[in-house]
Ligand code: FPP
């Protein structure tokens, strides 16, 4: 058995290019991306990974053509309708993170139904980030602390990295150990900026719909080989492991 990350975070990129290469509409790429997401959930659960975070729609994705945004929202809704029972039966706990204020009533209702259905599950925690941005997350955490200062419940001097982290969307879960981005882009694109501080980064040229079980294993093998030092020297780590 090799060193398995507890939390894997993925930016699923390249659906549009995958479709373009096949002279298909972008929506076909997103549909294929949905299937790849289904497979990666199954494969992470099989490998005993505790948390999987998928970046499905960023705060900036609202800038895409209205028709594509509407297709994506429809795809999320039908995907949830189709997969909710399967996720539940596989003991997956589904959680959505992000700013819910711009989502449709119908999607919000479905999200809260599926969250409630899967809440007791103790298997893989699947986080779907929709209308999410790392800067949004840090901002909302800092706003909560600022309100506590205004109310006299907290002193500004007591605001620490730990207290900010405690108010982020993933506060009860371990930070990602491994970050994966597909399609050859070498950016974080405002995903989980705080929580990725010490994550190992894995970039691949493979487009998201082609991200297979083999690609996942490649990323996991890279992770297993890396030495996570958290600021310590290599020598300190080998002394401690003796
Ligand atoms: C990136 O491709 C993908 C997205 C913007 C989001 C949509 C993701 C899915 C449909 C996958 C599964 C979703 C869930 C809810 C699990 P892109 O359009 O940025 O591709 P491009 O960079 O090639 O144009």
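Numbering (the numbering used here), first residue to last: 149 to 390.
Just so you know, even glycine gets a beta-carbon here, dropped at the ideal spot from N, CA and C.
Can you tell me whether residue i is buried or exposed, with buried defined as 16 or more other CB within 10 angstroms of its CB?
| i | result |
| --- | --- |
| residue 357 | buried |
| residue 280 | buried |
| residue 326 | buried |
| residue 211 | exposed |
| residue 320 | exposed |
| residue 317 | buried |
| residue 367 | buried |
| residue 215 | exposed |
| residue 149 | With a pLDDT of only 49 at residue 149, under 50, the local geometry of the prediction cannot be trusted, and the value read off the model is given with reservation. Under this definition residue 149 is an exposed residue. |
Just the Cα atoms here: how many angstroms apart are residue i and residue j?
| i | j | result |
| --- | --- | --- |
| residue 306 | residue 292 | 14 Å |
| residue 286 | residue 251 | 20 Å |
| residue 260 | residue 187 | 23 Å |
| residue 173 | residue 300 | 55 Å |
| residue 232 | residue 385 | 43 Å |
| residue 390 | residue 179 | Annotation note: pLDDT 47 at residue 390 (below 50); position unreliable, coordinate value reported separately. Their backbone Cα atoms lie some 50 Å apart in a straight line. |
| residue 154 | residue 343 | 13 Å |
| residue 217 | residue 236 | 27 Å |
| residue 383 | residue 375 | 11 Å |
| residue 199 | residue 311 | 22 Å |
| residue 284 | residue 346 | 20 Å |
Using only alpha-carbon positions, find the residue among the options that is nearest to residue i.
| i | options | result |
| --- | --- | --- |
| residue 333 | 325, 163, 171 | 163 |
| residue 244 | 202, 276, 233, 367 | 276 |
| residue 195 | 373, 374, 362 | 362 |
| residue 331 | 167, 155, 153, 152 | 167 |
| residue 158 | 176, 170, 181 | 181 |
| residue 255 | 270, 227, 274 | 227 |
| residue 371 | 224, 348, 322, 209 | 348 |
| residue 246 | 192, 340, 314, 239 | 340 |
| residue 323 | 220, 379, 364, 201 | 201 |
| residue 329 | 170, 151, 242, 156 | 156 |
| residue 190 | 381, 271, 160 | 271 |
From the DSSP output, which residues share a beta bridge with residue i?
| i | result |
| --- | --- |
| residue 150 | In DSSP, residue 150 forms no bridge with anything. |
| residue 263 | Answer is none; residue 263 lacks a bridge partner. |
| residue 277 | 203, 245 |
| residue 349 | 327 |
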